[in-house]
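Enquirer:
Numbering (my numbering), first residue to last: 115 to 152.
(1) Mapping DSSP to helix, strand and coil, what is residue 128?
(2) What is the rounded straight-line gap between the Cα of residue 129 and the Cα of residue 149?
(3) Measure the alpha-carbon distance for residue 141 versus residue 121 and round it to whole angstroms.
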């Protein structure tokens, strides 16, 4: 559900914002993975 919401948000953004948003989301998920590793 979260990813769907995110996809909808991305679709509503202009392309350049789109790229920034995706990069930010990737960074967030990477950070979460890093936090999981002690």
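Ideal Cβ positions, reconstructed from N, Cα and C, are used throughout, including at glycine.
Expert: In this structure, then:
(1) In the structure shown, residue 128 adopts coil according to DSSP, grouped into three states.
(2) Using only the alpha carbons, I get a separation of about 30 Å.
(3) The alpha-carbon separation between residue 141 and residue 121 amounts to approximately 16 Å.
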